[in-house]
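Numbering (the working numbering), first residue to last: 637 to 977. Below is one structure; the comments refer to it alone.
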Amino acid sequence: MIGAPRRPRSSSGAFRDARARRRYWLVLAALILLASGFALGLLAMDNPMPVGSRGFWLIAEMRATSVVVMAVVAFCQAIATITFQTVTNNRIITPSIMGFESLYTVIQTAAVYTLGVAGVVALQGTGQFLVQVALMVGLSVLLYGWLLRGKYANIQVMLLVGIIIGGGMGAVSTFMQRLLSPSEFDVLTARLFGSVTNASSEYLPFAIPLIVIAGALIWLNARKLNVISLGRDVCINVGVDHGRQTIYMLVLVSVLMAVSTALVGPMTFFGFLVATLTYQLAGTHDHRLLFPIGALTAFVVLAGAYFVMNHVFYAQGVVSIIIELVGGTVFLLVIMRKGRL
């Protein structure tokens, strides 16, 4: 009909319309620029040596380890949290609910309690890192295999059992901490705060291959995650084995979370903060598009926080506290708004 108003063309793809698609690519480009800027700032800012000199590159190389650790943690937390929230169909909970951080706390507390400060320092190395990763992944696989297989498999019961196990391990840790001397407790407290300074460059040759393999397997199953997000009934109707795929994804999530926690320590609300920002920035439910935004957002938040605290406020030690404070505030905001964010 001549003169009739034209309706905007809708899209059946990953975006509602062309405007949403343009917005996504603009956000992605902005995040890439911010991530690059913060990374360069961390490498070059306040470097006392002349630019281009051997000393300059030596200092930059030493700082590069911290930047790589930030990238590893950002990748793990973002991919693991988005995948976990999709599988559980709940955007409020995070993988931390399964007791990864409680197990890490128990391991560190038990080490200080039984071996003392000197023993813990002597045992630091790749062996300790790999043992922690193996214990965390083993606990999660045992939990998933027990509660997500069989006729009465129920993911809600699994989450409840995870909370109970985490609470129990937290109580054991608290009991042992009460028996430590002040000097031992001081050393333990420093290890229990999530910080990139807890990581060693010798961990990276083991951590990076693990997260690359786990991340690649999750990426290859991104389309199935799109189906899982629609619910169990839809999965069955289109031929996706919901139970098997759920266990498979959760095992990969446990690998990512175990590597992140063993590398830098607990970061309870960081993953939740990143996932919430990702959903708002991406404007799509396609996991192939969510994952890049999530990983970049996590790196921008983490590297940006360290850059500002190191070079503006000169308070490096409080970075993890600030991130947890902001993440916890966002969590409470989402709860009070009943998840409408």
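We treat Cβ as the ideally placed atom computed from N, Cα and C, and that holds for glycine. A quick note: this is a predicted structure, and the numbers were derived from the prediction, not measured.
Cβ neighbours of residue 712 within its own chain (closer than 7 angstroms, five residues either side excluded): 847, 892, 893, 895 and 896. Using a 10 angstroms sphere on the CB of residue 768, the tally of other CB atoms reaches 16 or more, which defines it as buried. Taking C-beta atoms as the reference points, residue 742 and residue 808 count as a pair closer than 8 angstroms.
Relative to residue 738, the option among 885, 904 and 852 whose CA is nearest is 904. Excluding the 5 residues flanking it on each side, residue 784 has same chain C-beta neighbours closer than 7 angstroms at 791, 794, 879, 882 and 883, in chain order. CA-CA distance, residue 965 to residue 862, rounds to 29 angstroms. In the structure shown, the three-state DSSP call for residue 949 is coil. Separation of the CB atoms of residue 663 and residue 872 is rounded to 35 angstroms, and the pair is thereby denied contact status at 8 angstroms. Under the criterion of beta carbons closer than 8 angstroms, residue 775 and residue 842 do not qualify as touching, at roughly 19 angstroms. Within the same chain, Cβ atoms closer than 8 angstroms to the Cβ of residue 947 are found at 677, 681 and 682, the five residues on either side in sequence being excluded. About 4 angstroms separates the CB atoms of residue 650 and residue 922; that is less than 8 angstroms, so the two are in contact. Per DSSP, the continuous alpha helix (DSSP H) segment holding residue 706 begins and ends at 690–724. Contact annotation, residue 675 with residue 898: C-beta distance approximately 23 angstroms; criterion of less than 8 angstroms not satisfied. Just measuring C-alpha positions, the residue of 811, 778 and 719 sitting nearest residue 854 is 719.
By the CB criterion at 8 angstroms, residue 831 and residue 701 fall outside the cutoff.
DSSP places residue 847 in the helix class (H, G or I) of the three-state scheme. In this chain, the alpha helix (DSSP H) harbouring residue 960 covers 955–972. Going by beta carbons, residue 912 and residue 667 fall outside the 8 angstroms limit.
When secondary structure is reduced to three states using DSSP, residue 886 falls in the helix class. Linking residue 698 to residue 813 through their CA atoms gives a straight-line distance of about 34 angstroms.
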